[in-house]
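In what follows, a structure is listed as structure tokens, so that the remarks can point back to it.
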Amino acid sequence: MPDPSAAPMIRTTSQLDPVDPSNSSALRRVYGAFPSGLTTLAVLVDGTPVGMVASSFTSVSVDPPLVSVCIQLTSSTWPRLRARPVIGLSVLAADQERQCRSLAGREQHRFDDVDWAADANGAVYIAGSVAWMECTVHEIVRAGDHDIVLLRMQAARLNGPAPLVFHGSAFHALAATA
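The opening position of the sequence shown corresponds to residue 303 in the working numbering, with each subsequent residue numbered one higher.
Set out below in structure tokens:
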């Protein structure tokens, strides 16, 4: 048991490997040190699914039920999604790496090999995902080269499997601890 009267060990930042925040490649590696889940945002546009992958998903609030994603300002897909009254958000499952790669690929082929379903409101969900959320845009906050998009959950369904995780520029599955 540690001695509570002992002085705490203090490490200085000089012991850390330096990263230049103006170097975008290095900064992405720093951001990639934190694991994130993978989600899709998708809608029907003229009967065709349109969507994108977002790895910056997080829960924000229970009352009201809010979640957030960060969208790069240069996205050509986001303007098509935000114009719709509802957006389907799917939390991808551990076995959906192939679907994730497809949905992050060239826009005109994103849904070619992906099973999906749409609800009566035009929200699109990826089959086999961990969870589905029907959302509306609550607020958009500009933050550097991204928009922080707050989405208000209107309905949800929990499907159960373990989520797909992205960490260190690679896909992972969660492992249970003893």
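All C-beta atoms, glycine included, are put in the ideal place defined by N, C-alpha and C.
*Determine the DSSP secondary structure at residue 466, reduced to helix, strand or coil.*
As a working note, residue 466 is residue 164 in the sequence shown. Three-state result, residue 466: strand.
*Pairwise C-alpha distance: residue 370 and residue 329*: Taking the first residue of the sequence shown as position 1, residue 329 is located at position 27. Taking the first residue of the sequence shown as position 1, residue 370 is located at position 68. Whole-angstrom Cα-Cα distance: 21 Å.
*asked:* Am I right that residue 375 and residue 356 are in contact with their C-beta atoms under 8 Å? What's the rounded C-beta distance?
replied: What you label residue 375 is simply residue 73 of the sequence shown in a count that begins at 1. What you label residue 356 is simply residue 54 of the sequence shown in a count that begins at 1. The pair is not a contact, with the Cβ atoms about 14 Å apart (cut-off 8 Å).
*asked:* Just to confirm before moving on: does the CB-CB distance between residue 458 and residue 434 stay below 8 Å?
replied: Here residue 458 refers to the residue found at position 156 when the sequence shown is read from its first residue. Here residue 434 refers to the residue found at position 132 when the sequence shown is read from its first residue. Yes, they are a contact pair.
*Could you tell me which of 381, 348, 352 and 337 sits nearest to residue 451, measuring between CA atoms?*
Taking the sequence shown and counting its residues from 1, one reaches residue 451 at position 149. Residue 381 is the option with its Cα nearest to residue 451.
*What residue from 476, 440 and 475 has the CA that sits closest to residue 363's CA?*
To locate residue 363, count along the sequence shown from 1; it is residue 61. The shortest C-alpha separation from residue 363 is found at 440.
_Quick check on the DSSP output: what are the complete beta strand (DSSP E) runs of length 3 or more inside the stretch 366-423, in order along the chain?_
368-374, 389-393 and 418-420
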